[in-house]
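Q: Below are the structure tokens for one structure; questions will follow.
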Ligand code: 5GP
């Protein structure tokens, strides 16, 4: 057996022992990182999980690297070694000559020469990465890549097992279940629940859960800021608890204990002196509930948004998708006279955001309708017709949601009678499973399950339209006829 194989075998011996021990998850992962580093004679190793929107990487365990390097900044999964997201093992022979590293200066200070990274896969889905950092420029061998792939598989299984364990122990504690929660669906392990074992304090976990509820992206301690130096060496550092990419905001949580508040305040002030470009807030629980409320997440008073049982699509998810739709529409309609037509009132938020991102001259018009009955029995009456003559124009019907498709079917029939040059449909939400009328949808924001949703223009008895996200309503609030 050559020397490398002996090293891999030795590492697996300790990795297997740690994985099968009763140690807490973070200790098991740190041990895997340590033995992986040793086997590859490297400087260090980091195990990272992807954020829910698969944009950022959160470090959950590491070995051999300084805190300053580990927390060098937000690791963007699409900028830093992006091929790992395609499921590949990526090697960088010499960091100083490569453009795939996001923080080359930090790597130089840490004296890191090379990197090998492998994806963490759970049933074909990429949930994170394991990266090993070489001391100097190095050609990693096929054996190294195979070794790291196996380590990545062991990590993925360890995380899944831990998650199943958490779910099982939770299941033993019976909770009040609502009608909808009684579904036979098996809950899927989520990266969020895996991440909950990484927090230093219960208040951090509580805050993260609230952010998860609103589907606000968060990173835990992604960056350390040096605050003081002596003879060129860092003597004081500050690692804020959270970073919220959607708000570009760092958050340090604090309790009401005055001595801690004073010390943390000093650090926050010093950080702002050194980095005026950084947004940071020191928050206690009341403050963060108020902050969420300020951004439209009506969490003031500790309650979740009244009547909302879950957030399906966050504000950021909606904004990203609307922008992508608008870009596609701008390309498709270049050089044509475009008219957007919406049906009041549910479409107002979508129409407003969509048209602002379309980079073409366009006109808009609205219709209003009332509908009676339900399903195939439903009848639609127009209460406000178009102001524009759409003959020979390129009409794009903008819809908030297509459910049975009966309303849209009627409206498309009505609009065709005006002989537009073309007539297409763009809907933000598609509840395809409920479709009765076969209506063609040309642009679709999101396909959603059979669930009554509100927010971002959509109402329930005139309420909830101004929520910045789309959420599901507590089933008990929905009348029987709407569940049919
Ligand atoms: P359809 O004719 O396709 O069944 O229904 C379309 C209309 O029903 C939508 O324009 C919307 O007004 C309403 N609708 C359908 N599903 C939902 C929902 O989940 N939430 C809300 N607020 N309205 C819905």
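Numbering (this note's numbering), first residue to last: 453 to 936. All C-beta atoms in this analysis are idealised placements derived from N, C-alpha and C, irrespective of residue type, glycine included.
#1: Among residues of its own chain, excluding the 5 on either side of residue 460, which ones have a beta-carbon nearer than 6 Å to its beta-carbon?
#2: Taking 7 Å as the cut-off, is the C-beta of residue 854 nearer than that to any heavy atom in the ligand 5GP?
#3: Who are the near neighbours of residue 663 in its chain, counting only those whose CB is closer than 6 Å to its CB and skipping five residues on each side?
#4: Whole angstroms are fine: how far does the CA of residue 486 sit from the CA of residue 799?
#5: Measuring straight from C-alpha to C-alpha, what distance separates residue 876 and residue 787?
#6: Using a Cβ-Cβ cut-off of 6 Å (strictly less than) and excluding sequence neighbours within five positions of residue 403, which residues of its own chain qualify?
#7: Is it buried or exposed for residue 634, if we count other Cβ within 10 angstroms and need 16 for buried?
#8: Answer with buried or exposed for residue 822, where buried requires no fewer than 16 other C-beta atoms within 10 angstroms of its C-beta.
#9: If I'm right that residue 909 touches residue 801 with Cβ under 8 Å, what's the distance once you round it to whole angstroms?
#10: Since residue 665 is in the alpha helix (DSSP H), which residue starts that stretch and which ends it?
#11: Kindly confirm or deny that the stretch 499-511 and the stretch 542-562 touch, where touching means at least three C-beta pairs closer than 8 Å.
#12: Given 8 Å as the limit, is there contact between the stretch 583-596 and the stretch 489-503, that is, 3 or more CB pairs closer than that?
#13: Would you kindly check if the distance between the Cβ of residue 480 and the Cβ of residue 937 is under 8 Å?
#14: Quick check: is any heavy atom of the ligand 5GP less than 7 Å from the C-beta of residue 882?
#15: Rounded to whole angstroms, what's the CA-CA distance from residue 401 to residue 548? Just pull it up for me.
#16: Could you compute how far the alpha carbon of residue 917 sits from the alpha carbon of residue 853?
#17: As a quick exercise: from 819, 790 and 796, pick the residue whose alpha carbon is nearest that of residue 807.
#18: Do you know offhand how far residue 698's Cα is from residue 573's?
#19: By how many angstroms is the C-alpha of residue 571 removed from the C-alpha of residue 676?
#20: Quick check: the Cα distance between residue 896 and residue 577, rounded to an integer number of angstroms?
#21: Kindly indicate which three-state DSSP category residue 886 falls into: helix, strand or coil?
#22: Determine the burial state of residue 667: buried for a count of at least 16 other Cβ atoms within 10 Å of its Cβ, exposed for fewer.
#23: Go through its chain and collect everything with a Cβ distance to residue 593's Cβ below 8 Å, but skip five positions before and after it.
#24: Buried or exposed: where does residue 583 fall if 16 or more other Cβ atoms within 10 Å of its Cβ makes it buried?
#25: Assuming residue 455 is part of the alpha helix (DSSP H), what are its boundary residues?
#26: Our contact map puts residue 735 next to residue 703 with C-beta atoms below 8 Å; I'd like the distance itself, whole angstroms only.
#27: Rounded to whole angstroms, what's the CA-CA distance from residue 866 to residue 859? Just pull it up for me.
#28: According to DSSP, is residue 595 helix, strand or coil?
#29: Cβ of residue 810 within 8 Å of Cβ of residue 766?
#30: Among 454, 878 and 515, which residue has its Cα nearest to the Cα of residue 778?
#31: In three-state terms, what does DSSP make of residue 518?
#32: Measuring straight from C-alpha to C-alpha, what distance separates residue 738 and residue 872?
#33: Looking at residue 857 and the ligand 5GP, is the gap between the Cβ and the nearest heavy atom below 7 Å?
#34: Which residues in the same chain as residue 565 place their Cβ atom closer than 7 Å to its Cβ, once the five residues preceding and following it in sequence are excluded?
#35: Based on Cα-Cα distance, which residue from 489, 558, 553 and 552 lies nearest to residue 522?
#36: Helix, strand or coil, according to DSSP, for residue 751 in the structure here?
A: Well, looking at it:
#1: Correct list, in chain order: 491 and 599.
#2: Residue side-chain check: residue 854 places its Cβ nearer than 7 Å to a non-hydrogen atom of the ligand 5GP.
#3: 670
#4: 54 Å
#5: 16 Å
#6: As displayed, the chain neither begins before 453 nor continues past 936, which places residue 403 out of reach and without an answer.
#7: Residue placement at residue 634 is poorly supported in this model, since its pLDDT is 37, which falls under 50; the coordinates are not used for a value here.
#8: Flag for residue 822 reads exposed.
#9: 4 Å
#10: 654-665
#11: no
#12: yes
#13: No answer is possible for residue 937: it lies beyond the span of the chain, which begins at 453 and ends at 936.
#14: no
#15: The first residue shown for the chain is 453 and the last is 936, placing residue 401 beyond what the model contains.
#16: 13 Å
#17: 790
#18: 26 Å
#19: 25 Å
#20: About 24 Å.
#21: Helix.
#22: buried
#23: 456
#24: Counting every other CB atom within 10 Å of its CB across the protein chains shown gives residue 583 a total of 16 or more, marking it as buried.
#25: Residue 455 -> alpha helix (DSSP H) spans 455-471.
#26: 6 Å
#27: 11 Å
#28: helix
#29: No.
#30: 878
#31: coil
#32: 55 Å
#33: yes
#34: 546, 547, 586, 587, 588, 589 and 590
#35: 558
#36: In this prediction, residue 751 has a pLDDT of 49, which is less than 50 and means its spatial position is unreliable; nothing more can be read from the coordinates.
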